[in-house]
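S.K.:
Residue numbers (this note's numbering): 310 to 738.
(1) With a threshold of 7 Å on Cβ separation, who are the neighbours of residue 582 within its own chain once the five nearest residues in sequence on each side are excluded?
(2) Rounded to the nearest angstrom, what separates residue 474 and residue 455 at their Cα positions?
(3) Is the beta carbon of residue 522 closer than 8 Å to that of residue 569?
(4) With a floor of 4 residues, list each alpha helix (DSSP H) that falls wholly inside the region 671-714, ordered by position along the chain.
(5) Span of the beta strand (DSSP E) holding residue 399?
(6) DSSP on residue 377, reduced to helix/strand/coil?
(7) With which residues is residue 491 paired in a DSSP beta bridge?
(8) Measuring straight from C-alpha to C-alpha, what distance separates residue 372 and residue 341?
(9) For residue 509, which residues in the same chain have their Cβ closer than 8 Å to its Cβ, ignoring the five residues on either side in sequence?
(10) Return the residue from the list 644, 700, 405 and 661 that minimises the CA-CA distance to residue 683.
(11) Please report the distance separating the alpha-carbon of residue 607 from that of residue 544.
(12) Within the continuous beta strand (DSSP E) that includes residue 357, where are the two ends?
(13) Starting from residue 569, follow its DSSP beta bridges and name the residues at the other end.
(14) Rounded to the nearest angstrom, what separates residue 668 and residue 414 at their Cα positions?
(15) Rounding to the nearest angstrom, what Cα-Cα distance links residue 712 and residue 374 in this structure?
(16) Which two residues bound the contiguous beta strand (DSSP E) that contains residue 428?
(17) If I measure Cβ to Cβ from residue 556 and keep anything under 7 Å in the same chain, skipping five residues before and after, which residues do I get?
(18) Please classify residue 563: does DSSP put it in a helix, a strand, or coil?
(19) Are the Cβ atoms of residue 654 and residue 622 separated by less than 8 Å?
(20) Quick check on the DSSP output: the alpha helix (DSSP H) that includes residue 447 runs from which residue to which?
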């Protein structure tokens with residue numbers, strides 16, 4: 310079944326009529342087994358899926374995909390309504406040095422390849438100020454994992470500038486952005502200790518670490534994470550757990566299409582769901598498609614089809630439930646990204662009017678006018694948000710540091726979205 314067929318099916322009838330039919334057990338499309346049908350019915354009744362039930366979603370056929378997407382979209386509407394958000398951001402690649410060597414990564418550079426080992430603090434602030442003038446509210450700090458543990462050049466640079474670790478330098482960069490601009494930092498520095506997370510919480514509105522996948526198989530020789538010690542599942546799960554204990558609004562997600570199976574994706578989603586049910590801190594789950602990069606070990610690795618991406622998004626919504634914020638980056642599926650709205654997402658992630666996506670430099674962000682048009686075309690309202698989601702601002706204030714709260718409230722409206730809305734970024738005629 311093509312992505313176009315999915316779109317035509319889902320737009321051909323109302324959500325209400327689809328779900329009425331589902332509940333009457335008359336909506337089983339060709340290829341939908343009784344077991345999968347029963348699993349989806351349980352979700353729609355408000356039940357949290359057991360592991361065995363969730364794993365049955367892996368058996369969903371291509372013919373059943375529109376039906377599965379329809380159920381996921383309905384569940385999203387129950388929990389999140391018809392608002393779709395994005396974060397106006399600037400991408401700050403503080404350093405591209407990294408101790409890991411993931412098989413798919415084109416962001417990582419060695420000291421001999423890098424134009425500079427680290428951005429200077431003045432460069433960071435200048436970039437943040439330029440972004441502020443364009444209406445950005447998020448400073449996304451993305452950087453390699455503990456480069457000083459691998460490269461003497463990184464250790465020497467840090468020592469010359471008065472720092473022992475990259476995390477110390479990141480803290481100072483976040484502090485400068487907080488005090489010298491109106492932007493709010495969101496940091497993705499890799500794996501951290503509890504002490505480091507507490508240290509960074511005071512200068513970040515939110516933080517993130519992609520789980521990617523819980524499969525140990527991907528860490529074996531020949532796998533994408535074989536030469537990446539920080540990608541061991543137990544290490545990353547420990548960080549996600551500590552973030553919950555520290556009450557940090559946290560972003561995580563899956564990288565899909567790097568050789569994992571459907572069942573491995575489901576197992577990964579279940580671990581995220583279980584941590585969120587325990588701590589309530591997972592503010593956002595990203596489903597990020599693998600994109601092959603030239604000059605990497607996985608340059609010839611096949612990418613997932615749109616049908617498989619839609620299955621993954623729909624399964625994520627059904628497993629994670631109606632209220633979790635679910636995102637797919639629109640720049641990684643440039644011509645087809647609106648389809649993800651029909652499979653249950655409610656967020657587009659960070660969109661920058663100033664900087665490229667340094668992790669996927671070949672994939673430009675959509676223009677906000679285009680993003681608005683395509684989002685509204687499917688009956689949704691597009692709203693800009695800060696790097697911490699509105700429900701944490703309104704209902705979970707203990708998750709936000711005192712040093713962040715007053716800066717945050719200066720940016721938002723009564724609902725927790727950026728004051729001025731989308732019209733602040735897209736002129737209407």
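Just so you know, even glycine gets a beta-carbon here, dropped at the ideal spot from N, CA and C.
All figures in this text were calculated on a predicted structure; none of them were measured in a lab.
M.R.: According to the data block:
(1) Residue mapping note: residue 582 aligns to position 273 of the chain shown, counting from 1. 628 and 629.
(2) Within the chain shown, the letter at position 165 stands for residue 474. Within the chain shown, the letter at position 146 stands for residue 455. In a straight line, the C-alpha of residue 474 is about 8 Å away from that of residue 455.
(3) Within the chain shown, residue 569 is the residue found at index 260, counting from 1. Within the chain shown, residue 522 is the residue found at index 213, counting from 1. Residue 569 places its beta carbon less than 8 Å from that of residue 522.
(4) 677-686 and 699-704
(5) By 1-based counting over the chain shown, the position of residue 399 is 90. It spans 392-404 - the beta strand (DSSP E) in which residue 399 sits, taken as one unbroken run.
(6) For this step, residue 377 is matched to residue 68 along the chain shown. Looking at residue 377 - three-state DSSP - the assignment turns out to be helix.
(7) Position 182 of the chain shown, counted from the start, is the residue given in the question as residue 491. DSSP output for residue 491 lists no bridge partner at all.
(8) One-based indexing of the chain shown puts residue 372 at position 63. One-based indexing of the chain shown puts residue 341 at position 32. Answer to the nearest angstrom: the Cα atoms are 8 Å apart.
(9) The residue you call residue 509 lines up with position 200 of the chain shown. Hits under 8 Å: 476, 479, 480, 483, 496, 498, 501 and 516.
(10) On the chain shown, residue 683 is found 374 positions in, with the first residue counted as 1. Here the closest residue by C-alpha is 644.
(11) In the chain shown, residue 607 corresponds to position 298, counting from 1. In the chain shown, residue 544 corresponds to position 235, counting from 1. Here the alpha carbon of residue 607 sits roughly 23 Å from the alpha carbon of residue 544.
(12) As a first step, residue 357 is located in the chain shown; it is residue number 48 there, counting from the start. Run containing residue 357: none; DSSP gives neither H nor E here.
(13) Stepping through the chain shown from its first residue, residue 569 is reached at position 260. Partner(s): none; residue 569 has no beta bridge.
(14) Translated into positions along the chain shown, residue 668 becomes position 359. Translated into positions along the chain shown, residue 414 becomes position 105. If you take the alpha carbons of residue 668 and residue 414, they lie about 8 Å apart.
(15) Position 403 of the chain shown, counted from the first residue, corresponds to residue 712. Position 65 of the chain shown, counted from the first residue, corresponds to residue 374. Answer to the nearest angstrom: the Cα atoms are 46 Å apart.
(16) By 1-based counting over the chain shown, the position of residue 428 is 119. Per DSSP, residue 428 belongs to no beta strand (DSSP E) and is neither H nor E.
(17) The residue given as residue 556 occupies position 247 in the chain shown. Once the five neighbours on either side are set aside, the close Cβ partners of residue 556 are 590, 707 and 708.
(18) Working through the chain shown from its first residue, we reach residue 563 at position 254. DSSP places residue 563 in strand when its eight states are reduced to three.
(19) Position 345 of the chain shown, counted from the first residue, corresponds to residue 654. Position 313 of the chain shown, counted from the first residue, corresponds to residue 622. Closer than 8 Å, so yes.
(20) One-based indexing of the chain shown puts residue 447 at position 138. Segment 447-452 is the beta strand (DSSP E) holding residue 447; no alpha helix (DSSP H) there.
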